[in-house]
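The numbering used here applies: residue 21 is where the sequence shown begins, and numbers increase by one.
Contents: one structure, followed by commentary.
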Amino acid sequence: MFVSKQMNKEPKCKPSSVITTSLKMWYKLSKLVIFFFVFTTPSAASSRFNYQTAYTDHCASFVPESDPEGNVLGPPYQYRHTGYYTGGGSGGILSPNSSIDFYTRSIIETKVQGLFKLQGRIRFPRASTYHFVGNSTSNKYGSASHRRSSIAFALDGFWSQSSGKLCMVGSAYGYLRNVHSVLKLYNFMNSTSITSMISGTLESLMRSENDPNDFEPISILIFPSMNYQYTLVSNKSENRSSSGGSDDSNPTSSLKMERFCSVLSSEVLNHEFDLKYSSGCASAKNCTPLAVSDLPRVMSLKAIECLEDERSLRVLVEFAESNSLWYRRPFNPNKTLVGEGSWNTEKNQLSVVACQFLDAAGSWNNVRVGNCSTRLSLKIPAIWTIGNTSSIVGHIWSNKTATESGYLEQITFESPQDDVGRVLIPGLKYKYTKMDKVTKLCPRKKAAHDKANVYPNPFSYEMRFDVSAKNLKGELAWGSSVPLSVGNQFYQSYWYSTVSTNESSVGFAPVSSPVTVSYSNNQSNPYNISYTIRITSLSYAKLGNVSILNDTQIFAEGIYDETEGSLCMVGCRNLGSKNQQPTNDSVDCDIVVNFQFPPTNPSKKWSLIKGSIKSTRKKSDPLHFESWDLSSASSYLVEERRSIWRMDVEITLVLVSTTLSCVFVALQLFHVKKYPDVLPSISIFMLLILTLGYMIPLMLNFEAMFANSTNRRSVFLGSGGWLEVNEVIVRVITMVAFLLQIRLLQLTWSARSATGTQKELWIMERKTLFVVLLIYVAGALAALLLHTLNWRKSLNDGSITAYPGAGHQQHSHLGTAVKSYAGLVLDGFLLPQILLNMFCKSREKALSVSFYIGTTFVRALPHAYDLYRAHNSAHHPLDESYLYASPVADFYSTAWDVIIPLGGLLFAGIIYLQQRFGGLCILPQKLRELGAYEKVPTVTEG
């Protein structure tokens, strides 16, 4: 009798019972986490609001209730009404005197004729406090907003069509769900016109002075939308000519503006216009359509509704005494007109008939609309000339004669003549009108061209710059010089165009400077060019007898010789008051402006732009002024060149990183070719992650990474076009890396599927996939939870950054968080391989050292660069986007820039130990010993 041991052949992958036990623990933990999230949500603990009792107590005597019966009336009975409110107190949840939106969601017939049951919502957008930061050169202001979330109430109630009364009760949404209120409205009619105004009140049902969520009663004024009829304007009234009401000098316009509402709502209605009065307007009598004592200085338009097909709209015309921000200005019916407007497509002209709010003193319950004698005409000029570069102009008058009560002297208005928020519509042109004078005052030098020096491209960013000014008396001033047009092209870095690449989009896309214009560095013909020069005095300086203590603008046009770097122009300035209509005597065009640009050769020593502003008038002329010497602001140009240097470094790093990725994948292919037996031991999920990391940028069109930067940066990069060349190179190298990665994935898959002996590896791969996905999902939930908490905290403390006109901020931040988390997954690409090695207790050298160390280095390099960039790059508006280590593509901060590279090195170290000592080598000794008993040898007696 003897005992013999018959050992089965050891498979390629040996499953570990220790890991299986851990897997079951992970599964139970996941169910516990799901249970926690489901049963601890705030909604489970929310208190219910007794609608029936609240309506009986607060509304039954105002509008009786009845049982619903009949059909649910959907569109067109679902409307959005806009309006304003006053009151609410200073310490409650409602900001005093702000806007509201009232939505009727459903209207249901009841057993009582003319009585309807309504469901609706009233929303209170929170006012935003904006402040602007920037410099006088770029005029590109970064606008920061302290914005709190809006408040909304879900309401139910009844509406009496015959009396026009409406009463609803309900509760607020979200964290204010325990705040209950009652809404009462008057004159809520089925058919409305401009004279119909809905008024009413909203009161809290939980009056408590100590409750921070409480608010005092508010008075509401709403502009109705139900079956609104335009009665003041029509298509026929577009061509009506009134006294001063239309400009027939240019009956047709070359502008191509197809989307009427998008242009007006997004640009025209967001402007603040400077009002200009005739010389006889010393007081408000006959000089303003309002019943006020002081002359308003600015005007703005706000849309109530806009009808694209009918080319009609309803607007509020708001007046103010100072240039305060229009979106922070509270609604004041005594300083506001309400009107109807129609659009003349041929002339690109808006004609408005406006009415006054009457009986607006005190409570708004008695406010009515009347006295519709005011007329307003607004036009978008098709041609700009020197000193006339407002993108929007217009005038206000009345249909009364000079002997009638209510007569109004004509008022003109225009948008500010700077490049902040300009409207650029296809077909807009600039006409040079001073070139004959320029030819006489700016004789061209006939000296031989210096081919060794290269001067700024006329379309480059270097053509706009800050200046410091000084005269012979030592008086100092500070200013900026910004090109307006170059040749027949507009120089524009930050204007806005009505052209959209997406027809369904109603927003406006920034138009880059027209760098696509072809030109030659050997061109001998100079460029026609126009400029806006703004000078602000730092002392009590004067240009002649005109003080420049506050602000002076000089509009200039002339010629720029790129071969000499010389710029010579004739300038004009307005001598009149800002709010006075200009005359022939109030404009001084006897000014000559010169600038000399330094060479841009990299080998040349950097120097400042030099220039001067001179008056060509005789010294005896009262408008003559002494010459001012100008020089560019050195700090800004230094920052600009630093930004260009940073871009060069980032482009180089992109090329190096992408090339190294190709090299390391190729080395791994050589490794598996030399040792084909290790192919089945490579994690397919790891290879899939890396493959997606190359594929997604290619699918989304890699130029999207460069789009924003190219449009902005190429403005001051000159003509190079080299950025686009490098973009193509990077895309080609990325494609090569993607194909190599696909080849490695295909070889691994084929080796795994070649024979049936690798079944255990597929089982372990599925287990790896399950655990990895569980970790990824848990991490994603943690990231989203942290994002949500930070978002809510920002809403509460008012630290959210917003931009005027920007919407859906939370979705944007959420998308950024998802993209960053995807980058974090790529950083930890070795995690699936580590888990597969543990499941299989493998010590196969599946990955070459060059592959996992090199790829880890490539993923860590952006974080090392981000650390360097954070401590050395200049913080400047030019540094607003990145070609490498973009914060959108991964988690970047001082902490993450240390944690992620260290984590990558840790994973690489684990792979090295596993391939040398076995997959379980990183586990404690006791767990490894448990794994040794997972299989008992077969004993056969013979």
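Yeah, the Cβ is synthetic: ideal placement off N, Cα and C, and Gly gets one too.
Check: Separation of I218 from D234, as counted between CA atoms; Outcome: 25 Å
Check: Cβ distance (whole Å) where P143 is taken to contact R125 below 8 Å; Outcome: Per the sequence presented here, residue 143 reads as Arg, with Pro not at that position. So it is not a contact: roughly 12 Å between Cβ atoms.
Check: Terminal residues of the alpha helix (DSSP H) in which L926 lies; Outcome: 914-937
Check: Under the three-state DSSP convention, the category Q766 falls into; Outcome: helix
Check: Inter-residue Cα distance where the pair is Q575 and T678; Outcome: First, the amino acid is wrong: residue 575 is Phe here, not Gln. Rounded to whole angstroms, F575 to T678 spans 48 Å at the Cα level.
Check: Beta strand (DSSP E) segment containing S503, residue limits; Outcome: In the sequence under discussion, the amino acid at residue 503 is Pro, which differs from the Ser named in the question. Residues 496-506.
Check: Separation of A302 from N391, as counted between CA atoms; Outcome: 24 Å
Check: Separation of Q437 from G109, as counted between CA atoms; Outcome: 40 Å
Check: Cβ contact (3+ pairs, closer than 8 Å) linking the segment 443-462 and the segment 418-427; Outcome: no
Check: Alpha-carbon to alpha-carbon, Q133 and C79; Outcome: 19 Å
Check: Proximity winner among F485, L922, L587, relative to R554 (alpha-carbon distances); Outcome: F485
Check: Per DSSP, the bridge partner or partners of Q369; Outcome: N364, K399
Check: Secondary structure of V337, DSSP reduced to three states; Outcome: strand
Check: Whole-angstrom C-beta distance between L650 and D608, which should lie under 8 Å; Outcome: Contact flag wrong, Cβ pair sits at about 18 Å.
Check: Strand pairing of D581, partner residues [DSSP]; Outcome: S586
Check: Same chain, Cβ closer than 6 Å to H691, five either side skipped, listed in chain order; Outcome: S868
Check: Proximity below 9 Å, CB of N548 to CB of C588; Outcome: no
Check: Cα-Cα separation between L252 and P88, rounded to whole angstroms; Outcome: 38 Å
Check: Proximity winner among L175, N207, Q249, F208, relative to S224 (alpha-carbon distances); Outcome: L175
Check: Cβ shell of L186 (< 6 Å), same chain only, five flanking positions each side left out; Outcome: W179, L205, F208
Check: Beta-carbon proximity check, A803 vs S840, cutoff 9 Å; Outcome: yes
Check: Buried or exposed (CB count within 10 angstroms, at least 16 for buried), F122; Outcome: buried
Check: From K493, Y695, K638, E434, residue whose alpha carbon lies closest to that of Q600; Outcome: E434
Check: Y580 beta carbon less than 9 Å from that of F510; Outcome: no
Check: Whole-angstrom distance between K779 and V878, CA atom to CA atom; Outcome: 34 Å
Check: CB contact flag (N857, G924, <9 Å); Outcome: no
Check: Pairwise C-alpha distance: F69 and P232; Outcome: 20 Å
Check: Top-ranked residue by Cα proximity to Y250, from K305, I324, K598, D571; Outcome: I324
Check: Nearest-angstrom Cα separation, counted from S701 out to L943; Outcome: 20 Å
Check: Whether D847 touches I931 by CB criterion (9 Å); Outcome: no
Check: Stretch-stretch touch, CB-based, cutoff 8 Å, three pairs: the segment 399-413 with the segment 475-494; Outcome: no
Check: Where T754 sits in the DSSP three-state scheme; Outcome: helix
Check: Proximity winner among S500, T636, T620, D605, relative to T572 (alpha-carbon distances); Outcome: S500
Check: 7 Å Cβ shell around L680 - same chain, five flanking residues per side excluded; Outcome: G874, V878
Check: C-alpha gap between P244 and S213, whole angstroms; Outcome: 8 Å
Check: Residue range of the unbroken alpha helix (DSSP H) whose run includes Q72; Outcome: 71-78
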